[in-house]
Structure formats: C-alpha cells, structure tokens
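>
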Amino acid sequence: MRDSQMLQHGRTVKLSQAVLVASFISLWQQGSDIYNSARLAGVTISHGQLITGACTTITLLIVAVILWRSARALRNIGQLAYVDELTGLPNRRSFDAILSEELKRCAKTGTLAVMYFDLDRFKSVNDSYGHEVGDMVIRAFGGRIKSCLRGPDVIARRSGDEFAALIPGIGDASRLETIAGRIFEAMRKPIRVGSRDIYLGVSIGAHLVDKERVSAAEALRRADFALMQAKEAGRNTFRIFDPHMAEEIRQRGVLESDLRRAVADNQFDVVYQPLFTMTPGKAAGVEALVRWTHPVAGEMPSDKFIPVAEAIGVIGQVGEIVLRRACAEIRDLDGLKLAVNISPSHFVQPEFVEMVTGILVETGFEPGRLELEITESVFLTDASRAADAIARLRGLGIAVALDDFGAGYSSMSYLRQIPLDRIKIDRSFLADLKNHGSSAARLVDVMIELGRSLDMQVTAEGVETLEQLDHVRASGCNEVQGFLLARPMRLDELHRSNLWVQHRPMIEQNNEPDQIGADLKVAV
Ligand code: C2E
Ligand code: CA
Ligand code: CA
Numbered sequence: 000m001r002d003s004q005m006l007q008h009g010r011t012v013k014l015s016q017a018v019l020v021a022s023f024i025s026l027w028q029q030g031s032d033i034y035n036s037a038r039l040a041g042v043t044i045s046h047g048q049l050i051t052g053a054c055t056t057i058t059l060l061i062v063a064v065i066l067w068r069s070a071r072a073l074r075n076i077g078q079l080a081y082v083d084e085l086t087g088l089p090n091r092r093s094f095d096a097i098l099s100e101e102l103k104r105c106a107k108t109g110t111l112a113v114m115y116f117d118l119d120r121f122k123s124v125n126d127s128y129g130h131e132v133g134d135m136v137i138r139a140f141g142g143r144i145k146s147c148l149r150g151p152d153v154i155a156r157r158s159g160d161e162f163a164a165l166i167p168g169i170g171d172a173s174r175l176e177t178i179a180g181r182i183f184e185a186m187r188k189p190i191r192v193g194s195r196d197i198y199l200g201v202s203i204g205a206h207l208v209d210k211e212r213v214s215a216a217e218a219l220r221r222a223d224f225a226l227m228q229a230k231e232a233g234r235n236t237f238r239i240f241d242p243h244m245a246e247e248i249r250q251r252g253v254l255e256s257d258l259r260r261a262v263a264d265n266q267f268d269v270v271y272q273p274l275f276t277m278t279p280g281k282a283a284g285v286e287a288l289v290r291w292t293h294p295v296a297g298e299m300p301s302d303k304f305i306p307v308a309e310a311i312g313v314i315g316q317v318g319e320i321v322l323r324r325a326c327a328e329i330r331d332l333d334g335l336k337l338a339v340n341i342s343p344s345h346f347v348q349p350e351f352v353e354m355v356t357g358i359l360v361e362t363g364f365e366p367g368r369l370e371l372e373i374t375e376s377v378f379l380t381d382a383s384r385a386a387d388a389i390a391r392l393r394g395l396g397i398a399v400a401l402d403d404f405g406a407g408y409s410s411m412s413y414l415r416q417i418p419l420d421r422i423k424i425d426r427s428f429l430a431d432l433k434n435h436g437s438s439a440a441r442l443v444d445v446m447i448e449l450g451r452s453l454d455m456q457v458t459a460e461g462v463e464t465l466e467q468l469d470h471v472r473a474s475g476c477n478e479v480q481g482f483l484l485a486r487p488m489r490l491d492e493l494h495r496s497n498l499w500v501q502h503r504p505m506i507e508q509n510n511e512p513d514q515i516g517a518d519l520k521v522a523v
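Per numbering that gives the first Met the number 0, residue 0 is the first one in the sequence shown, and the count goes up by one each step.
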C-alpha cells in the first residue's frame, strides 16, 4: 500500500469510528429516553424488545472497538514506514520528505546543510563480531551523532551504517566543520559492547545549500560525492562538496573504465627493486612493483590507480597478473627471493592460496623463494580468513611479510598471535630519521627490536641516505631497501646489474654522495 493510500485508509477508519461512537451514544440516549417515557406512561417493555436493544448496543460497541484497534495498528504501520526500527530515528523515506520540505522553505528564507556520515571499516566489525554487535554499534553511532546536533536538526539512518543529517539555517562552512569536529571527538571514545571496546572512525561529507537552488536528489548526491571523497582521503575525514568535486568524480569514472580495459588487455608491466642484506651487502631478493602505462596519459603512479583497482574490485586480477609474470621472470635468477605485494581484499579471498599454488606450479617457481607482502589492514578486512591464509601459505613454505609496518592500524595482539616471517618498517619512519633526529631514531630502534623479539626478520624501507643506512645497520636490521642502494628497475636492467651475484660491500660512511651515485650507476 502506498503512503497516501494508507493515510487515506487510516482517516476513513477514524471517521467511521467517530460516527459509530456518536451513534452508540445517541442510541443509548434514545433507548434510555424511550425506556423512561415508557415507564412514566406505564407501558411495559417486553423482554424481547429489551434484549434486541441491548444486542444492537453491544454489536455497535464491538464494531467500534474493532475499528478503534485497526486504526491504531494502521497508525503504527504508518509510523514504521517512516521510522528506522533499529535506532528509532527517521528513516530514508522520512528524511527525503523532510528534506524536500526544508528545501522549499530554504528557497525563501535561507540556507541549509545536508551531511552524510559513514563508519570506517564497519564491515569488519560485522564480519568479526557478528550482526548483533554490528547493530549495537550502529545504535551507538546514531546516538553519538545525535548528541552533537541541536534540537531543530534532523538525523536519520539511511541504510546500513550510513546516517544523514539536515541542518537548517547554517550559513557557512566553518560551522559545519565545528559540527564535524564534535562528531570526530565523540567517536574518539570506544563503543563498549559487552566487555569489548570497539574503536571506529567516521567519514563525513556535506553539501551546503545556499544561493544555488537544487532538488533534494541533487543535494543528496552532492553530499554523497563529498562523503566518497572523505572516505578516499582516509579515516576521520570531513569534506564539503565543491563544484570541482563533480569534475574529479567524472575523471574518476573515466579512470575506472580505463583500468577495467587495462586489466582486460593486460597493459601492466612489472619492475623490480632489489632488497639488500646487511652483510655482505648483496641483493638477496627483489620486490615486484606493478607499473601501468595509460594509453593516453602515460605512466600512472601506482598509489593513484591501485586504490581505484581495489575500490572497483579488479585488484585481484592485477595481483594475479603481477604474481604470474614476476614468478616467470625471476625463476631463473640464481635463487633470488621474490617479494610480491598483495592487497588485503585479494588476500582474504577464499581461493587465494589455491591461486598462488597454481601459479607456482605453472611457472615452476619454488615456494621457498616467494614472500608475499601484506599490510596490517588485512586484519581489519577479515582477521580470521587472513590468519588462515597466512598459516596455509607458511605451511607451504611461502613467507609472509607485514609491509608498511607502523604506518596504519597496528595491533600488537595480531603480531603476537599470528606468526609472520618479516616486518618492513614503513619508509615514513626512515624519512623522520632525517628530520626529527633522536626521537624518530628511538622509534625505529623499538620497531627493529620488536620484530627481532618476535623472531621476525626486519627490513627498513626507503633508505635514501648513508645516515639512515648506518642507523638501521647498527640497530640490527636484517635487510634494507631504498633509492640509496637501488631504484626499481626493468627486468633487462636487473639482468645487467648482476646485483645478486656481486658481493658488493655496503656503502661506507665516508663516501661522498656523488661517489655513491657513480658507484650505483656502475652497479646498476
Ligand atoms: P610499497 O610496497 O611500500 O613499495 C615500495 C614503494 O616505495 C615503491 O613505490 C618504491 O618505488 C618506493 N621506494 C622504494 N625505495 C624508496 C626510497 O628510498 N624512497 C622513496 N621515497 N620511495 C622508495 P611504488 O612502486 O610507487 O609503489 C607504491 C605502492 O604501491 C607500494 O608500496 C605498494 O603498496 C603498491 N604496489 C606496488 N605494486 C603493487 C602490486 O603489484 N600489487 C599491490 N597490491 N600493490 C602494489
Ligand atoms: Ca611492499
Ligand atoms: Ca612498503
């Protein structure tokens, strides 16, 4: 039944109820008048007449009660159609209706903002703890947003973990930023479910409706664009829609379809960056890094297209292309170890381990020479699947390394529970070594010490200077990777470099930078 029909029906029932009650009262009065007049006139009323009167009255009473209850039920159904059952907040339908009304009002008098909120990594809460906990988290999230808004503001749950708010009379972006700041602050406290503390970030997008009049659908679309941008920028981010965003979104759409074509036509290349042991300073292995040359735009930076490949679900295909090609190309290079990056969503796919073993068999690559690099976010994607895949891979002799260690979400409990072969300290820490001196140096030492105490090998990434190299060598790091030693190179360059054969002494502290460059040129 449509909303308008249901309301119409409810009104009809109420009207009939009122008529019935009125008839009942009038019948009662008439009955008692007749009874009294008859009594005064000395006329006897027969039992039959009395029973008929009473039956009519009771029947009318029953009909009135039935109609009353059905009207109440209809009113509840009507409310359900507008209220989100889980949170008790307005739902998408009522939000849209209120927004349309407010936009009409705002056309005459002023401004209004539409905000969209989305929990970061809510899916992993549902996957790890189940839907019941997920529901509690959603209720708590709704409550926290509400506590940050004022009386006239409207907050609604639109779907899943997505909430929207309508803020009338808001004139400028700075007030929206204040509201967003309050919500980030409120979400800093963990959500307590039973004995668990769940920490979640939130992404916020908003559209400020002012001079330019837009439809409700367009206002929502713009707030949603802004939310998408916020999500892409990382956890706890707030974005306000601006017209450039529409252009960015259009370009993103083009990139997505180009990327799909690139996967279908295999427009990818693989380059290899050598990984060096500390002593005696020879390349122990290489890390395979994907490259995409766009047919028009040319070389596309991997940090620009990999997140898009992840978002549109083609990263698994890209990962498979890189793994197959790298195994085939590195197989005959004298026992050189091969490290391949795997995206979290690919790693937790049910057939992932079978895919890897299939490629090893197909290319004749020894499992003991392969190392897969995953990032900590794999545990947030699906911790139990990730742990299972790690155990199975290691059981086959394939090593697993934790890449970009320290850069994102780090949990010591995963490190303790899930045995890994290596951590690769994120290159931002090495960069800090240059700028922040001793405190950054201590942090790097602690990470190296942590890896070693957990029986893991430790690699320092992004070594660009001799000072950095010296520091990590002195702290007991096992391997280094960085532009100081070698940049990523094409297969033919790698062949020519002979880096894994040549036992080259590690660069000495007293080398001048120019000499290092010359040295590397000769070596590479
Ligand atoms: P990553 O796994 O941390 O790879 C190392 C990145 O650091 C490479 O960038 C490399 O060129 C860069 N790098 C190495 N040494 C230095 C240095 O001394 N200084 C600086 N500033 N950078 C250095 P690239 O190739 O652009 O890759 C960026 C990221 O893209 C990679 O970071 C990895 O997360 C991802 N990626 C690359 N190839 C693949 C792939 O085949 N699959 C997946 N899933 N991700 C990949
Ligand atoms: Ca890596
Ligand atoms: Ca890395």
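Positions of the beta carbon are idealized from the N, C-alpha and C atoms, including for glycine.
Keep in mind it's a predicted model, so treat the numbers as computed, not measured.
How many angstroms separate the CA atom of residue 133 from the CA atom of residue 235?
Cα-Cα distance, rounded: 19 Å.
> What residues in its chain sit with their C-beta under 7 Å from that of residue 215, if we drop five residues either side in the sequence?
95, 98, 99, 102, listed in sequence order.
> Do you know offhand how far residue 462's Cα is from residue 440's?
Cα-Cα distance, rounded: 13 Å.
> DSSP on residue 114, reduced to helix/strand/coil?
Strand.
> Taking the CB atoms as reference points, tell me whether residue 177 and residue 138 lie closer together than 7 Å.
No, the Cβ-Cβ distance between residue 177 and residue 138 is not below 7 Å.
> To the nearest angstrom, how far is it from the Cα of residue 207 to the Cα of residue 111?
Taking the straight line joining both Cα atoms gives about 6 Å.
> Any chance the segment 220-228 sits against the segment 177-194, with 3 or more Cβ pairs inside 8 Å?
Contact between the segment 220-228 and the segment 177-194 is absent, because fewer than three Cβ pairs lie under 8 Å.
> In terms of residue numbering, what span does the beta strand (DSSP E) encompassing residue 202 cover?
It spans 201-208 - the beta strand (DSSP E) in which residue 202 sits, taken as one unbroken run.
> Please state the DSSP three-state secondary structure of residue 251.
DSSP places residue 251 in helix when its eight states are reduced to three.
> Count the other CB atoms within 10 Å of the CB of residue 450; is the residue buried (16 or more) or exposed (fewer)?
With 16 or more other Cβ atoms within 10 Å, it is buried.
> Is residue 403 near ligand 3, with its Cβ less than 6 Å from a heavy atom?
Flag set: Cβ of residue 403 near ligand 3.
> Which of the three DSSP states, helix, strand or coil, is assigned to residue 145?
Helix at residue 145.
> Could you pull out every residue in the same chain whose Cβ sits closer than 7 Å to the Cβ of residue 354, ignoring the five residues on either side in sequence?
Answer for residue 354: 319, listed in chain order.
> Could you tell me the alpha carbon to alpha carbon distance between residue 126 and residue 400, rounded to whole angstroms?
Taking the straight line from one Cα to the other gives about 24 Å.
> Quick check on residue 477 - is its C-beta less than 7 Å from some C-beta in chain C?
Chain labels in this structure do not include chain C; a single protein chain is all it has.
> Go ahead and pull the three-state DSSP assignment for residue 158.
Note: residue 158 maps to strand in three-state DSSP.
> Quick one: what's got a C-beta closer than 6 Å to residue 433's C-beta in the same chain, skipping five residues either side?
Excluding positions up to five away in sequence, the list is empty.
> Can you pull the DSSP bridge partners for residue 347?
Beta-bridge pairing links residue 347 to no other residue.
> On the three-state DSSP scale, how would you describe residue 125?
Note: residue 125 maps to helix in three-state DSSP.
> For residue 480, which three-state DSSP category applies?
Of the three classes helix, strand and coil, the one that applies to residue 480 here is coil, per DSSP.
> Would residue 116 pass as a contact of residue 248 if the rule is Cβ separation under 7 Å?
No, these two residues do not count as a Cβ contact at 7 Å.
> According to the neighbour-count rule (16 or more other Cβ atoms, all chains shown, within 10 Å of its Cβ), is residue 411 buried or exposed?
Exposed.
> By the three-class DSSP mapping on this structure, what secondary structure does residue 369 have?
Of the three classes helix, strand and coil, the one that applies to residue 369 here is strand, per DSSP.
> What residue does the beta strand (DSSP E) around residue 424 start on, and which one ends it?
First-last of the beta strand (DSSP E) with residue 424: 421-424.
> Please report the distance separating the alpha-carbon of residue 522 from that of residue 199.
Per-residue confidence for residue 522 stands at a pLDDT of 32, beneath the threshold of 50, marking its modelled position as unreliable; the derived number appears in the next sentence. Their Cα atoms are separated by approximately 48 Å.
> Tell me the DSSP bridge mates of residue 448?
Bridge partners of residue 448: none, in fact.
> Can you give the Cα-Cα distance for residue 45 and residue 60, rounded to whole angstroms?
For residue 45 and residue 60, the distance between alpha carbons rounds to 23 Å.
> In whole angstroms, give me the CA-to-CA distance for residue 516 and residue 485.
Residue placement at residue 516 is poorly supported in this model, since its pLDDT is 34, which falls under 50; the coordinates are not used for a value here.
> Going by the DSSP bridge assignment, what does residue 289 pair with across the sheet?
269.
> Short of 8 Å in beta carbon distance, which residues of its chain neighbour residue 172, apart from the five on each side in sequence? Order them along the chain.
Correct list, in chain order: 207, 239.
> From residue 456 to residue 122, what distance separates their C-alpha atoms?
Taking the straight line joining both Cα atoms gives about 32 Å.
> For residue 307, which residues in the same chain have their Cβ closer than 8 Å to its Cβ, ignoring the five residues on either side in sequence?
These residues qualify, in order along the chain: 251, 254, 255, 258.
> In the DSSP assignment, find the unbroken alpha helix (DSSP H) run with residue 337 in it and report its ends.
Segment 336-340 is the beta strand (DSSP E) holding residue 337; no alpha helix (DSSP H) there.
> Can you say whether residue 470 is buried or exposed, counting buried as having 16 or more other CB atoms within 10 angstroms of its CB?
It counts as buried.
> Check this for me: beta carbons of residue 418 and residue 380, under 7 Å apart or not?
Not in contact: residue 418 and residue 380 (Cβ atoms no closer than 7 Å).
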